[in-house]
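Scroll down for the structure; my scribbles are underneath it.
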Amino acid sequence: VNVCTALIDMYGKGGSTVPARQIFDRMAHKNVVTWTAMVAGYIHCGELDRGLELVHRMLEDNVSPNEITILSWVIECGFAGALELGKLLHAYALKNRFEVSPLLATALLDMYGKCGEVRIARAIFDGMGRRDVAAWTAMISGYAHSNCLLEAFKLFIHLLSSNIEPNSITMVNLLVLCGEAGALHLGKWVHGIMMKLGIELDVVLATALVDMYAKCGEIDQAYQIFVGTRHKDISMLNALMGSLAMHGRGKQAWELFHEMKKQKMTPN
RNA sequence: UAAGGAAGCUA
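Mind the numbering: the first sequence is residues 8 to 275 in our numbering, read in order.
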């Protein structure tokens, strides 16, 4: 059962619901994890009707969803933009008096944020008793998804005055938002806060910095950060190369490309 | 280490 369930999970998350379902149908014994994984796969792929049909069969078989079940499905609703189903799951959790853990609450507010429902997301956020950095970051990310720059930064400032420390994921969300808005001053300010708080500069965060500076037209600054990062990866190169090209520095982009190929970096 | 919450370029 465990191995088959793991396979179903893998195929489902990989977008292959057909092989997942074949394994599912051939299993004599299924448990709640098996059902959870199969339905999650359908939601992940946007095959909501098949998912719902399976949920009905699951209930007929007297298999009850638990909190992880709902959590998994809510996450996939966010991924697939399945707002209505997400609302249904939210209602189900409330109706069955699930203790809405910080994990589930964060998944719910993230789902609403990804679906553009920032007000509902905020209501959940405000209703949370103990909010950790993931909850704050999910809320900021929700504002970022809806291009609510002001709200995102208001919340971030609120976060800075709390006892919770933002982490690199929080900062990445803010930097992406600054880049998309072309808000160079804000971006620099975020950069400064990062340094002040001593947040570790991993590849993802460094890429977000490069991207922010590049999108705001500060290519040289972006270049400096790129050069100064030891473990570069392909996304980081793409961010810089693309912006060099966008700013009419195609020759430099080309040179960078060949320099990186020499260093055994494989283009994607 | 069988399903569990928030992140980067490009699409």
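Even glycine gets a Cβ: it sits at the ideal position worked out from N, Cα and C. Remember, it's a predicted structure, so these values are computed and weren't measured experimentally.
Spatial distance of residue i from residue j (CA atoms)
i	j	result
Lys-161	Ser-168	11 Å
Met-118	Ile-77	12 Å
Gly-85	His-63	21 Å
Leu-204	Trp-261	36 Å
Arg-28	Ser-242	34 Å
Thr-113	Thr-12	26 Å
Cys-223	Ala-190	7 Å
Gly-53	Cys-122	14 Å
Ala-246	His-97	37 Å
Leu-193	Cys-185	7 Å
Leu-55	Ala-47	10 Å
Met-135	Leu-111	11 Å
Ala-128	Val-140	16 Å
Glu-266	Asn-38	53 Å
Ile-30	Ile-82	23 Å
Glu-225	Val-234	15 Å
Ile-15	Gln-231	45 Å
His-165	Arg-126	17 Å
Arg-256	Val-40	53 Å
Gly-22	Asn-275	20 Å
Tyr-49	Val-10	19 Å
Leu-116	Lys-268	42 Å
Glu-158	Asp-240	32 Å
Gly-6	Thr-144	Residue coverage of the chain in this structure runs from 8 to 275, which leaves residue 6 outside it and unanswerable.
Asn-69	Ser-148	37 Å
Phe-132	Glu-124	12 Å
Met-201	Ala-142	19 Å
Glu-172	Thr-24	40 Å
Arg-137	Met-34	41 Å
Ala-89	Leu-95	10 Å
Pick from the options that is closest to residue i, judged by C-alpha positions
i	options	result
Ser-108	Gly-21, Gly-93 and Glu-74	Glu-74
Leu-182	Ile-171, Glu-172, Gly-199 and Leu-166	Gly-199
Phe-105	Pro-72, Gly-19 and Leu-92	Pro-72
Ala-100	Trp-80, Ser-23, Gly-88 and Ala-87	Trp-80
Arg-57	Met-253, Trp-42, Ile-164 and Ile-232	Trp-42
Ala-229	Gly-235, Ala-221 and Thr-236	Ala-221
His-3	Val-234, Ile-131 and Ala-188	The shown model of the chain, from 8 to 275, leaves out residue 3, and the question about it has no answer.
Ala-180	Lys-102, Asn-170, Asn-154 and His-165	The amino acid at residue 180 is misidentified as Ala; the sequence shows Asn. When each option's Cα is compared against that of Asn-180, the closest is Asn-154.
Glu-91	Leu-59, Asn-69, Asp-68 and Met-65	Leu-59
Gly-120	Arg-137, Arg-138, Met-146 and Asn-103	Met-146
Met-248	Leu-263, Lys-239, His-36 and Leu-61	Leu-263
Arg-237	Val-25, Leu-208, Val-8 and Lys-258	Leu-208
Asp-218	Trp-196, Met-202 and Leu-244	Leu-244
Leu-251	Asp-227, Glu-67, Leu-95 and Gly-93	Asp-227
Leu-61	Ile-206, Asp-32 and Lys-258	Asp-32
Range of the contiguous alpha helix (DSSP H) that encloses residue i
i	result
Glu-67	55-67
Ala-89	Counting along the chain, Ala-89 falls outside any alpha helix (DSSP H), and DSSP gives it neither H nor E.
Glu-158	156-167
Leu-244	241-253
Gly-134	125-134
Ser-148	140-152
Asn-180	175-188
Trp-258	The residue asked about is misnamed: residue 258 is Lys in this sequence, not Trp. Where Lys-258 is concerned, the enclosing alpha helix (DSSP H) stretches over 257-269.
Asp-209	Note, Asp-209: premise wrong, no alpha helix (DSSP H); not H, not E.
Met-45	39-51
Thr-273	Neither: Thr-273 is in no alpha helix (DSSP H) and is coded neither H nor E.
Val-234	226-235
Gly-19	9-20
Pro-109	109-121
Val-70	No alpha helix (DSSP H) holds Val-70; DSSP gives it neither H nor E.
Ala-35	Per DSSP, Ala-35 belongs to no alpha helix (DSSP H) and is neither H nor E.
Contact test: residue i Cβ vs the ligand NAP heavy atom, cutoff 6 Å
i	result
His-238	Only the bare structure without any ligand can be found here, which leaves the ligand NAP out of the picture.
Count the C-beta pairs between the segment 175-191 and the segment 212-227 that are closer than 8 Å, then say yes if the count reaches three, no if not.
yes
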